[in-house]
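Engineer:
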Amino acid sequence: MTTDARLQEVELDITGMTCASCANRIERKLNKLDGVTASVNYATERAWVSHPASVSADDLVATVAAAGYAAALPRTEPAAGDGGEERDPELDSLRQRLLISALLTVPVVLMAMIPALQIDGWQWLSLTLAAPVVVWGAWPFHRAALVNLRHGTTTMDTLVSIGVLAAFGWSLVALQHGSAGMIGMTHPFRFTLERTDGLDNIYFEAAAGVTTFLLAGRWFERRSRRQAGAALRALMELGAKDVTVLRGGVETRVPVAELRAGELFVVRPGEKVATDGVVESGTSAVDASLLTGESLPVDVGPGVSVAGATVNTYGRLVVRASRVGSDTQLARMARMVEEAQHGKTQAQRLADRISGVFVPAVIALSVATLGFWLGTGAGAATALAAAVAVLIVACPCALGLATPTALMVGTGRGAQLGILVRGPEVLEATRRIDTVVLDKTGTVTTGELALVDVVPAAGEDAADVRRLAGAVEAASEHPIGRAVAGPGPHDAVSGFRNLEGRGVRGHVEGREVVVGRPELLVDEGLLVPVEITTAVARAHGAGRTAVVVGWDGRARGVLEVADTVKDGAAEAVRRLRELGLAPVLLTGDHESVARAVADQVGMDEVVAGVLPEGKVEIVRDLQARGRVVAMVGDGVNDAPALAAADLGIAMGTGADAAIAASDLTLVRGDLRLAADAVRLSRRTLGTIRGNLFWAFAYNLAALPLAAAGLLTPMLAGAAMALSSVFVVANSLRLRSFR
Numbered sequence: 000m001t002t003d004a005r006l007q008e009v010e011l012d013i014t015g016m017t018c019a020s021c022a023n024r025i026e027r028k029l030n031k032l033d034g035v036t037a038s039v040n041y042a043t044e045r046a047w048v049s050h051p052a053s054v055s056a057d058d059l060v061a062t063v064a065a066a067g068y069a070a071a072l073p074r075t076e077p078a079a080g081d082g083g084e085e086r087d088p089e090l091d092s093l094r095q096r097l098l099i100s101a102l103l104t105v106p107v108v109l110m111a112m113i114p115a116l117q118i119d120g121w122q123w124l125s126l127t128l129a130a131p132v133v134v135w136g137a138w139p140f141h142r143a144a145l146v147n148l149r150h151g152t153t154t155m156d157t158l159v160s161i162g163v164l165a166a167f168g169w170s171l172v173a174l175q176h177g178s179a180g181m182i183g184m185t186h187p188f189r190f191t192l193e194r195t196d197g198l199d200n201i202y203f204e205a206a207a208g209v210t211t212f213l214l215a216g217r218w219f220e221r222r223s224r225r226q227a228g229a230a231l232r233a234l235m236e237l238g239a240k241d242v243t244v245l246r247g248g249v250e251t252r253v254p255v256a257e258l259r260a261g262e263l264f265v266v267r268p269g270e271k272v273a274t275d276g277v278v279e280s281g282t283s284a285v286d287a288s289l290l291t292g293e294s295l296p297v298d299v300g301p302g303v304s305v306a307g308a309t310v311n312t313y314g315r316l317v318v319r320a321s322r323v324g325s326d327t328q329l330a331r332m333a334r335m336v337e338e339a340q341h342g343k344t345q346a347q348r349l350a351d352r353i354s355g356v357f358v359p360a361v362i363a364l365s366v367a368t369l370g371f372w373l374g375t376g377a378g379a380a381t382a383l384a385a386a387v388a389v390l391i392v393a394c395p396c397a398l399g400l401a402t403p404t405a406l407m408v409g410t411g412r413g414a415q416l417g418i419l420v421r422g423p424e425v426l427e428a429t430r431r432i433d434t435v436v437l438d439k440t441g442t443v444t445t446g447e448l449a450l451v452d453v454v455p456a457a458g459e460d461a462a463d464v465r466r467l468a469g470a471v472e473a474a475s476e477h478p479i480g481r482a483v484a485g486p487g488p489h490d491a492v493s494g495f496r497n498l499e500g501r502g503v504r505g506h507v508e509g510r511e512v513v514v515g516r517p518e519l520l521v522d523e524g525l526l527v528p529v530e531i532t533t534a535v536a537r538a539h540g541a542g543r544t545a546v547v548v549g550w551d552g553r554a555r556g557v558l559e560v561a562d563t564v565k566d567g568a569a570e571a572v573r574r575l576r577e578l579g580l581a582p583v584l585l586t587g588d589h590e591s592v593a594r595a596v597a598d599q600v601g602m603d604e605v606v607a608g609v610l611p612e613g614k615v616e617i618v619r620d621l622q623a624r625g626r627v628v629a630m631v632g633d634g635v636n637d638a639p640a641l642a643a644a645d646l647g648i649a650m651g652t653g654a655d656a657a658i659a660a661s662d663l664t665l666v667r668g669d670l671r672l673a674a675d676a677v678r679l680s681r682r683t684l685g686t687i688r689g690n691l692f693w694a695f696a697y698n699l700a701a702l703p704l705a706a707a708g709l710l711t712p713m714l715a716g717a718a719m720a721l722s723s724v725f726v727v728a729n730s731l732r733l734r735s736f737r
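Letter 459 of the sequence shown, counting from 1, is numbered 458 in numbering that gives the first Met the number 0, and no numbers are missing.
1) Any idea what DSSP makes of Arg319, helix, strand or coil?
2) Please work out which residues of its chain come closer than 7 Å, Cβ to Cβ, to Arg543, disregarding the five sequence neighbours upstream and downstream, and give them in chain order.
3) By Cβ distance, which residues of its chain are closer than 7 Å to Ala538, with the 5 residues on each side in sequence left out?
4) Does the distance from the CB of Glu279 to the CB of Val318 come in under 8 Å?
5) Just the C-alpha distance for Trp372 and Thr36, rounded to the nearest angstrom, thanks.
6) Over the uninterrupted beta strand (DSSP E) stretch that includes Ala46, give me the two end residues.
7) Among Val514, Val618, Val726 and Ala287, which one has its Cα closest to the Cα of Leu691?
8) Can you say whether Tyr41 is buried or exposed, counting buried as having 16 or more other CB atoms within 10 angstroms of its CB?
9) Contact check, Thr442 vs Asp633 under 8 Å by CB: the rounded distance?
10) Could you check whether Ala676 and Ile418 sit closer than 8 Å to each other, using their CB atoms as the reference points?
11) Taking just the CA atoms, how far does Ile118 sit from Ile161?
12) List the residues that DSSP assigns as beta-bridge partners of Phe692.
13) In whole angstroms, what is the alpha-carbon distance linking Glu447 and Ala482?
14) Please go through the same chain and pick out, in chain order, the residues whose beta-carbon is closer than 8 Å to the beta-carbon of Leu702, but skip the five residues on each side of it.
15) So, helix, strand or coil for Leu641, using DSSP?
16) Contact defined as beta carbons within less than 8 Å: I believe Gly276 pairs with Ser325. What is the distance between those atoms, to the nearest angstrom?
17) Counting only the same chain and skipping the five closest in sequence on each side, list residues whose C-beta sits under 8 Å from that of Gly505.
18) State the CB to CB distance for the pair Met630 and Ala640, rounded to an integer number of angstroms; the pair is presumed to be in contact (CB under 8 Å).
19) Leaving out five residues on either side along the sequence, give the residues of the same chain with a beta carbon under 7 Å from the beta carbon of Ser283.
20) Spatial neighbours of Leu245 within its chain, please: CB distance less than 6 Å, with the 5 preceding and 5 following residues excluded, ordered by chain position.
21) Under a Cβ-count criterion, where at least 16 other Cβ atoms within 10 Å of its own Cβ denotes burial, should Lys31 be classed as buried or exposed?
22) Would the region 581-601 count as touching the region 528-538 if we require 3 or more Cβ pairs under 8 Å?
23) Return helix, strand or coil for Glu262, following the three-state DSSP convention.
24) At which residues does the alpha helix (DSSP H) containing Phe495 begin and terminate?
25) Within 8 Å, do at least three Cβ pairs link the region 407-421 to the region 601-611?
26) Do you know how far the Cα of Pro254 is from the Cα of Asp241?
27) Look up Ser280 in the DSSP assignment and give the residues it is bridged to.
28) Just list the residues that DSSP pairs His506 with in beta bridges.
29) Taking 8 Å as the cut-off, does the region 4-16 touch the region 43-56 (at least 3 CB pairs, one atom from each stretch)?
30) Rounded to a whole number of angstroms, what is the C-alpha to C-alpha distance between Gly515 and Glu523?
31) Could you have a look at Lys271 and say whether DSSP puts it in helix, strand or coil?
32) Would you report the Cα separation of Gly292 and Gly549, rounded to the nearest angstrom?
33) Please report the straight-line C-alpha distance between Gly625 and Leu646, rounded to a whole angstrom.
34) With Leu214 and Gly151 assumed to form a contact (beta carbons below 8 Å), what rounded beta-carbon distance in angstroms separates them?
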């Protein structure tokens, strides 16, 4: 995707990352390339790179490879024969290592903990069982540490590898050169350290136990990350796989990838609409709940737009494809969700900077701990155990998962509800906003005129007034005329005349009926009584358009037409107030019209008579007064104001320009989703901050305990693994957002 004349954007799949430090390292390497801006996400295992034409995708892949990892352009089309959920080879490999390591580790730990199980030669049996775990089970950690060493860097895998090998290596020394190798030797399992010369203790249970705990933590972490990304995968899989196209009047079943814009295709009852298009023939109702969250099917007919992935409920439809492939609403939704999951909050960027210097600092602390315990005469084994515990407990995996997992779950849940979040910066903006500016037409109101009231003159029947006026207006193309006419059926009209700018006239049931402005009826010689004039003035005062209808020499009634307030708009305003936001109605309409709408939905602050280009100035004026502004709109003329606002919220039923300029998109035109979007964004941001706090607090609390000898290496490994699982589990709670 090209962003301007010079820069291009590319997405890379990254493999081989084992922790957040890996992502930071790849990011730094890419950003060293001239003109390149890269962001690497550990949780999604992807890199988004903005690069000049002078830097090719191959150059980027080679740079990642030089850093010790692998990169590839993502696969855009499913491979032949793919079906169901794609397998994750790394998850399967982790599961195999975990199961075998656990089977070998359990007896080692039990023998170390329970003296009654320490049979003659138990220590040599422990060596036999622990060796495969330390060498093969922990190989992912060792391999990553070697790659890092070759490039002169360290990551959390370096800590794990050094810790496990140190515990295993010391145990080998104790077996060969100390009393630990003597047949008949026993020792109890201890949670804390004590002063000995160290050569009578072995730590096979620590080396194997730490490896198994970390493998378990990494397996749970990766499995949970896949669950966190399930919403996006479900979104990508919503579309139809094949389609019935009409070519030369013949129906042909083809893969949906072969469908081209402009082609006609058939959608039978129960089938998914293959792509975005416009109904050419047929009537039905489509279920868009999977795409928009809207529970009620929407009636469609000729001329009505339908979105791909919606389900046709009962009628046969012939649709002309308007957008295919990556241009469809579904594809754009998926792209927006994935882009949002990729970014980083300010808090996460701070965490990344800290983790970049964390590993060297921990290694230094481990060496200092070793020196301190040796200096106090505690013995080599005691000193080594404390140093290893420091290495292992410090691994800040939870830091690397705090933001990405919450973003994945939060934005995925939003997509299920019909809320698209453009990026993590949006979450931070929702916490700060205190004012929400609502465009009137198309946002608070439907944007379509409708007949809202019929006021008959004395002695007249309202149904007759509406029926006769509707019959004449049915022949008109004017929006007010269509609103008066309604859906029909209508009586036959003859002698129809359109009186430009004033109204219409025609013969219905032998009567000449005139419909239009009061002045038209006067000009046509009809009497307009005071009660009709009063009704017209009252309609205008309420912000409505008044249409007068008359026949047989006098006016017979007034039809009131208005842009109607959307269902749920008043509830949406109430919810926004409950979130601490002050709503402001913004419109180019007359003050009286705006006030009438504001009264219906419960808003006090109104800015009316604003030209399209003046909307930006209103937003900036509010910002100049110290208010943090969210703007909700749907039209092309709202796009500049959406971009200028601190938070832009676009109605997905509106113009593409408005959607492109916004930070949040509400897929269906329900204003209540605006409040839900703010709530979900704030909840997601709160989860991210909670995760980061837990990760930092855990490391700050655990490091002194390990250095003080209050944690054995095995307990340190268990605690570190559990911290990562806690962070992911906390993020998964967002899946229950309602």
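Just so it is clear, CB atoms sit at the ideal spot from N, CA and C, and this is done for glycine as well.
Structural biologist: Reading it off the structure:
1) Within the sequence shown, the letter at position 320 stands for residue 319. If DSSP states are grouped into helix, strand and coil, Arg319 belongs with the strands.
2) Stepping through the sequence shown from its first residue, residue 543 is reached at position 544. Counting only Cβ-Cβ distances below 7 Å, and skipping sequence neighbours, we find Val451, Glu559, Val560 and Ala561.
3) In the sequence shown, residue 538 corresponds to position 539, counting from 1. The residues are Ala545, Val557 and Glu559.
4) Position 280 of the sequence shown, counting from 1, holds the residue named residue 279. Position 319 of the sequence shown, counting from 1, holds the residue named residue 318. In contact: Glu279 and Val318 (Cβ atoms closer than 8 Å).
5) In the sequence shown, counting from the first residue as 1, residue 372 sits at position 373. In the sequence shown, counting from the first residue as 1, residue 36 sits at position 37. Rounded to the nearest angstrom, the two C-alpha atoms are 46 Å apart.
6) Along the sequence shown, read from residue 1 onward, the residue named residue 46 stands at position 47. Note, Ala46: beta strand (DSSP E), Arg45 to Pro51.
7) Within the sequence shown, residue 691 is the residue found at index 692, counting from 1. For Leu691, the nearest C-alpha among the options comes from Val726.
8) Working through the sequence shown from its first residue, we reach residue 41 at position 42. Looking at its Cβ environment, which holds 16 or more other Cβ atoms inside 10 Å, Tyr41 is buried.
9) For the purposes of this step, residue 442 is taken as residue 443 along the sequence shown, with counting starting at 1. For the purposes of this step, residue 633 is taken as residue 634 along the sequence shown, with counting starting at 1. That belief holds up - the Cβ atoms of Thr442 and Asp633 are roughly 5 Å apart, short of 8 Å.
10) In the sequence shown, the residue the question calls residue 418 occupies position 419. In the sequence shown, the residue the question calls residue 676 occupies position 677. For Ile418 and Ala676, yes; Cβs fall inside 8 Å.
11) Taking the first residue of the sequence shown as position 1, residue 161 is located at position 162. Taking the first residue of the sequence shown as position 1, residue 118 is located at position 119. Spanning the two alpha carbons is a distance of roughly 30 Å.
12) Numbered from 1 along the sequence shown, position 693 holds the residue referred to as residue 692. In DSSP, Phe692 forms no bridge with anything.
13) Locating residue 447 in the sequence shown gives position 448, counting from the first residue. Locating residue 482 in the sequence shown gives position 483, counting from the first residue. Taking the straight line joining both Cα atoms gives about 8 Å.
14) For the purposes of this step, residue 702 is taken as the residue at position 703 of the sequence shown. For Leu702, where only same-chain residues beyond five positions count, the Cβ hits under 8 Å are Val361, Leu364, Val389, Val392 and Ala393.
15) Along the sequence shown, one-based indexing puts residue 641 at 642. Correct three-state label for Leu641: helix.
16) Taking the first residue of the sequence shown as position 1, residue 276 is located at position 277. Taking the first residue of the sequence shown as position 1, residue 325 is located at position 326. So it is not a contact: roughly 16 Å between Cβ atoms.
17) Residue numbering aside, residue 505 sits at position 506 when the sequence shown is read from its first letter. For Gly505, where only same-chain residues beyond five positions count, the Cβ hits under 8 Å are Ala470, Val471, Ala474, Val492, Ser493, Gly494, Phe495, Arg496, Glu511 and Val512.
18) Within the sequence shown, the letter at position 631 stands for residue 630. Within the sequence shown, the letter at position 641 stands for residue 640. Contact between Met630 and Ala640 holds: CB atoms are separated by about 5 Å, below the 8 Å threshold.
19) Here the question's residue 283 lines up with position 284 in the sequence shown. Result list for Ser283: Val299, Asn311, Thr312, Tyr313, Gly314 and Leu316, in chain order.
20) For the purposes of this step, residue 245 is taken as residue 246 along the sequence shown, with counting starting at 1. So the list reads Leu263, once near-sequence residues are dropped.
21) Along the sequence shown, read from residue 1 onward, the residue named residue 31 stands at position 32. By the 10 Å Cβ count, Lys31 comes out exposed.
22) no
23) On the sequence shown, residue 262 is found 263 positions in, with the first residue counted as 1. Note: Glu262 maps to coil in three-state DSSP.
24) Here the question's residue 495 lines up with position 496 in the sequence shown. Looking at the DSSP string, Phe495 is not in any alpha helix (DSSP H); the run it does join, the beta strand (DSSP E), is Ser493 to Leu498.
25) no
26) Taking the first residue of the sequence shown as position 1, residue 241 is located at position 242. Taking the first residue of the sequence shown as position 1, residue 254 is located at position 255. Going from the Cα of Asp241 to the Cα of Pro254 covers about 4 Å.
27) Position 281 of the sequence shown, counted from the first residue, corresponds to residue 280. Answer is Val317.
28) Residue numbering aside, residue 506 sits at position 507 when the sequence shown is read from its first letter. Its beta-bridge partners are Ser493 and Glu511.
29) yes
30) The residue you call residue 515 lines up with position 516 of the sequence shown. The residue you call residue 523 lines up with position 524 of the sequence shown. Rounded to the nearest angstrom, the two C-alpha atoms are 11 Å apart.
31) Reading the sequence shown from its first residue, position 272 is the one you call residue 271. Correct three-state label for Lys271: strand.
32) Position 293 of the sequence shown, counted from the first residue, corresponds to residue 292. Position 550 of the sequence shown, counted from the first residue, corresponds to residue 549. With a pLDDT of 44 at Gly292, under the threshold of 50, the predicted position of this residue should be treated as unreliable, though the coordinate-derived value follows. Answer to the nearest angstrom: the Cα atoms are 46 Å apart.
33) Here residue 625 refers to the residue found at position 626 when the sequence shown is read from its first residue. Here residue 646 refers to the residue found at position 647 when the sequence shown is read from its first residue. Spanning the alpha carbons of Gly625 and Leu646 requires a straight line of approximately 15 Å.
34) Along the sequence shown, read from residue 1 onward, the residue named residue 214 stands at position 215. Along the sequence shown, read from residue 1 onward, the residue named residue 151 stands at position 152. Actually they do not touch by this definition, with Cβ atoms about 27 Å apart.
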